[in-house]
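Below: one structure, written as structure tokens.
Chains as they are written, first to last, in the working numbering: chain U, 5 to 445; chain G, 8 to 515.
Quick look at the structure:
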């Protein structure tokens with residue numbers, strides 16, 4: 005059993021967050037959602053937005069806690085580079101993705117999050133810049149077994165046409181030097197996927213089952229494989245530290261007075277609701293259904309999206325969808341078993357339009373079922389990359405069902421926007437849902 | 008306007024409603040006159056929706072150029088979003104696990120389309136024009152060529168090649184190289200200022216750029232190298248421009264100036280790589296691409312180093328003199344048709360670039376509308392509309408109903424005009440001379456300033472082919488050659504009239 009703790013007491017009073025404190029056993033799934041809490045028959049827009057902030061605090065804190073656990077297991081692995089320790093580090097990485105993916109719904113509409121996101125979750129990764137890669141995989145003609153112009157193999161590297169000193173691999177090199185050099189917002193050499201690549205290595209199985217299989221000895225100081233183990237150890241350590249640091253920043257950003265918090269508050273209650281719905285719709289439609297799933301399906305490219313080294317893509321998508329769902333329901337169950345629950349969009353909609361609320365809940369449930377089907381297939385060895393493989397028609401159908409359900413869910417999300425009278429709100433700098441009134445039926 | 012939005016799918020109703028509501032015009036409105044191309048918009052309120060039924064009513068913010076066409080269905084918009092992912096995709100070097108995302112370079116100006124077309128808006132010149140600066144050629148990039156020999160002149164005349172690339176550096180200067188490679192160089196930019204006095208006492212400073220390529224990575228350039236710096240153009244309405252019929256453009260052309268108005272628009276003639284035929288060029292600052300698909304493929308190739316069906320070589324702009332570059336790992340993959348970017352991928356890119364909406368013009372208050380109308384009248388009277396052709400009706404296109412037979416208001420004739428020595432790059436391209444430029448569309452101009460308000464470019468706005476003009480009045484005053492008389496007229500306008508002209512331009 006876990007003790008429930010929401011923010012600090014003064015924060016609690018200040019925000020007047022109508023949070024329901026509950027205890028439950030530490031499990032990872034909530035099978036039975038109640039649709040609405042009858043004890044909170046009437047919620048205000050303000051309360052709903054405040055609860056959205058509480059959920060952000062809880063989600064990012066959870067992401068931070070699991071990233072710190074990852075950091076710890078990575079340190080243990082580096083101290084003792086055995087297969088068992090490597091397995092622990094990989095498990096910790098997969099666990100760290102659970103809360104992080106559920107935060108992604110905050111990215112769209114919250115400028116502070118979107119600006120920051122590229123550092124921790126950038127994709128694709130320029131893996132050949134980091135470490136050795138198998139040339140036969142990406143390129144058919146190259147004769148060298150390993151492509152060697154990478155940071156781990158070289159103390160000095162020509163990059164973007166400049167020679168840079170990479171003798172010391174530390175967080176400063178990864179966060180500042182590399183980032184500034186390329187002058188792009190997303191850093192293609194840091195974040196979760198950099199750590200993923202360093203823990204798993206390339207997945208050389210294409211659309212056949214199997215993930216990356218980097219040996220633990222790539223980190224051995226006595227029997228090094230892959231060359232330059234000391235530098236690889238330094239890279240893994242620095243990249244992991246950086247994730248923790250960045251998540252600390254974002255957790256603080258959501259506290260009272262933090263940047264993300266202030267930006268949201270400045271929009272007012274209607275603006276806050278609009279941000280919530282923008283996040284839900286943009287993630288479901290353009291990002292998840294479109295960019296991450298449909299594009300991979302169209303190109304049959306096993307690694308087109310997310311978590312390709314670990315073959316964890318199915319969970320990544322699953323928790324993205326769950327993150328949308330829990331914003332609508334106004335509740336979040338952390339990986340530590342802590343439930344945060346408060347005034348929800350669902351309640352707000354149900355007050356004036358119970359049928360629409362039911363429709364949205366049904367759409368979310370349909371998406372969850374579609375996602376579950378993918379996760380079930382993955383458990384049988386048919387991971388996302390297998391499902392989108394060229395001739396796997398059955399797999400394609402499973403993935404297409406997800407796309408369709410996300411699109412249907414987004415249509416209902418647009419109805420919510422209209423129901424709340426938010427259709428004329430457009431968010432500065434966001435990839436907002438296109439205003440429903442501009443859609444020709 | 009809210010009712011108007013609700014009945015958006017019937018633009019005519021909507022326009023009638025605007026008319027009744029705001030009474031901007033006293034004259035009667037004729038919707039029926041559709042002689043194409045339309046010549047005069049003063050009486051046509053469809054100009055408020057420059058992209059016809061594809062225009063979306065949007066706010067004036069960073070996102071203004073990033074909306075999908077209003078005419079797309081919800082399902083089509085998903086493909087648009089997938090295409091957007093391609094446009095924003097950060098390409099990585101080969102080999103990598105993401106075979107659909109690798110193939111970057113070996114030489115490149117940017118990792119993604121969106122890197123230069125920030126928020127789908129225009130690229131920018133250095134913000135600080137008072138000091139010389141050395142920049143990487145990114146959203147201000149540099150085309151290179153050398154004078155052709157006799158045989159090459161023939162190939163250019165035939166349309167087989169547009170110019171002769173610089174022998175070592177190729178057709179474009181790339182400021183980035185993949186890990187282990189050499190970048191080609193950087194661009195040194197300095198501006199000389201001149202002051203111009205306008206009628207009424209206003210003084211405008213013009214910034215005349217001079218360019219030098221420095222930090223050369225592959226030794227000296229050919230001594231007769233010609234360089235042409237250019238900024239990335241805005242991305243809105245390109246599918247509509249793509250569907251203006253070539254006959255309409257040819258009908259507008261007046262190469263010998265037979266009507267004796269001092270304006271001699273010429274069509275650019277370019278090779279269509281797909282058909283092998285010579286066609287009217289319409290995209291690029293000198294009209295170097297006949298259609299959007301080829302323009303996209305050329306940009307992927309030269310700017311990012313990505314090969315695709317129309318430009319298949321995976322090494323991009325690496326020349327035979329850059330053997331290390333040609334031999335570097337590339338991203339051709341059997342899964343992607345032996346290319347770096349498969350046809351599926353370039354099709355998605357085309358979907359996206361075809362359907363970026365031209366924003367509906369913003370209505371303000373009634374007095375502003377009167378100013379806008381006054382400015383519009385001046386725009387016509389002093390001859391701006393002779394090249395910045397207000398309107399067309401796009402061709403019938405059954406494959407793309409949303410781009411078909413739309414009444415559009417791009418304010419361009421897509422023809423080449425002599426713009427005088429001040430704007431000349433002195434670098435001919437195909438049948439375009441070193442003084443000629445293709446008329447730039449003006450739609451979306453009122454939204455453009457916000458397009459550059461991203462972090463890197465908070466200081467300046469950038470107009471004209473190389474971004475030298477910081478604002479619209481500077482851009483106008485740079486006009487020379489065929490447009491010299493119009494620019495002179497602008498100088499002579501009363502200050503209030505000049506303001507009305509700018510009000511009009513900013514209303515677009």
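Note that beta-carbon positions come from the ideal geometry of N, C-alpha and C, so glycine has one too.
My output table needs one value for residue i: the three-state DSSP class, helix, strand or coil.
i, result
"residue 224 of chain U", "coil"
"residue 109 of chain G", "strand"
"residue 426 of chain G", "coil"
"residue 110 of chain U", "helix"
"residue 265 of chain U", "helix"
"residue 515 of chain G", "coil"
"residue 75 of chain G", "strand"
"residue 22 of chain G", "Reliability of the predicted coordinates at residue 22 of chain G is poor, the pLDDT of 36 falling under 50, and the value obtained from them is presented with this limitation in mind. DSSP places residue 22 of chain G in helix when its eight states are reduced to three."
"residue 28 of chain G", "Caution is warranted here: a pLDDT of 33 is assigned to residue 28 of chain G, below 50, making its placement in the model unreliable, and no coordinate value can be reported."
"residue 235 of chain G", "strand"
"residue 436 of chain G", "strand"
"residue 289 of chain U", "helix"
"residue 180 of chain G", "strand"
"residue 414 of chain G", "strand"
"residue 33 of chain G", "For residue 33 of chain G, the predicted model reports a pLDDT of 30, less than 50, meaning its position is unreliable and no value from the coordinates is stated."
"residue 271 of chain G", "coil"
"residue 196 of chain G", "strand"
"residue 153 of chain U", "coil"
"residue 345 of chain U", "strand"
"residue 253 of chain G", "helix"
"residue 175 of chain U", "helix"
"residue 465 of chain G", "Because the pLDDT at residue 465 of chain G is just 44, under 50, the model does not fix this residue reliably, and the value given afterwards should be weighed accordingly. Residue state, collapsed to three classes: coil."
"residue 473 of chain G", "coil"
"residue 374 of chain G", "helix"
"residue 296 of chain G", "strand"
"residue 146 of chain U", "No answer about residue 146 of chain U holds up, because its pLDDT of 40 lies below 50 and its placement is not dependable."
Report the CB separation of residue i from residue j in whole angstroms; it is logged as a contact under 8 angstroms.
i, j, result
"residue 316 of chain G", "residue 346 of chain G", "6 angstroms"
"residue 153 of chain G", "residue 123 of chain G", "Wrong, their Cβ atoms sit about 25 angstroms apart, outside the cutoff."
"residue 512 of chain G", "residue 479 of chain G", "6 angstroms"
"residue 162 of chain G", "residue 402 of chain G", "About 31 angstroms separates the two Cβ atoms, so there is no contact after all."
"residue 303 of chain G", "residue 232 of chain G", "Residue 303 of chain G to residue 232 of chain G, Cβ: 27 angstroms. No contact."
"residue 213 of chain U", "residue 105 of chain G", "Not quite, the Cβ-Cβ distance comes to about 19 angstroms (not below 8 angstroms), so this is no contact."
At a CB-CB cut-off below 9 angstroms, which residues of chain G make contact with residue i?
i, result
"residue 415 of chain U", "81"
"residue 99 of chain U", "Within chain G, no residue comes near residue 99 of chain U; the closest Cβ sits about 23 angstroms away, beyond 9 angstroms."
"residue 290 of chain U", "84, 85, 87, 88, 89, 91 and 92"
"residue 132 of chain U", "99, 100, 101, 102, 103, 109, 185, 186 and 336"
Got a sec, what are the start and stop residues for the alpha helix (DSSP H) residue i sits in?
i, result
"residue 212 of chain G", "Unbroken run through residue 212 of chain G is the beta strand (DSSP E), 210-221; no alpha helix (DSSP H)."
"residue 415 of chain U", "397-423"
"residue 358 of chain U", "358-383"
"residue 275 of chain U", "272-286"
"residue 72 of chain U", "49-83"
"residue 248 of chain U", "233-257"
"residue 480 of chain G", "479-485"
"residue 166 of chain U", "Where residue 166 of chain U is concerned, there is no enclosing alpha helix (DSSP H), although the beta strand (DSSP E) it sits in stretches over 166-169."
"residue 122 of chain U", "115-125"
Would you kindly report the start and end of the unbroken beta strand (DSSP E) that includes residue i?
i, result
"residue 337 of chain U", "335-337"
"residue 97 of chain G", "Unbroken run through residue 97 of chain G: none, as it is neither H nor E."
"residue 161 of chain U", "160-163"
Just the chain G side, please: which residues come within less than 8 angstroms of residue i by C-beta, in chain order?
i, result
"residue 162 of chain U", "184, 186, 187, 188 and 189"
"residue 399 of chain U", "Those within 8 angstroms of residue 399 of chain U in chain G number zero; the least Cβ separation is about 16 angstroms."
"residue 411 of chain U", "81, 82 and 85"
Residues of chain G with CB under 7 angstroms from residue i, in chain order?
i, result
"residue 137 of chain U", "102 and 103"
"residue 298 of chain U", "85 and 89"
"residue 207 of chain U", "104"
"residue 195 of chain U", "Simply none; closest approach about 12 angstroms."
So residue i contacts chain U; which residues on that side make the cut at Cβ distance below 7 angstroms?
i, result
"residue 212 of chain G", "Going along chain U, no residue has its Cβ under 7 angstroms from residue 212 of chain G, so there is no contact; the nearest lies around 29 angstroms."
Identify every run of the alpha helix (DSSP H) within the segment 313-357 of chain G, keeping only runs that are complete inside it and at least 4 residues long; order them along the chain. 330-334
Contained beta strand (DSSP E) runs [length at least 3] in the segment 127-174 of chain G, N- to C-terminal order: 140-142 and 147-152
List, from N- to C-terminal side, the alpha helix (DSSP H) runs of 4 residues or more that fit wholly inside the segment 293-332 of chain U. 299-303
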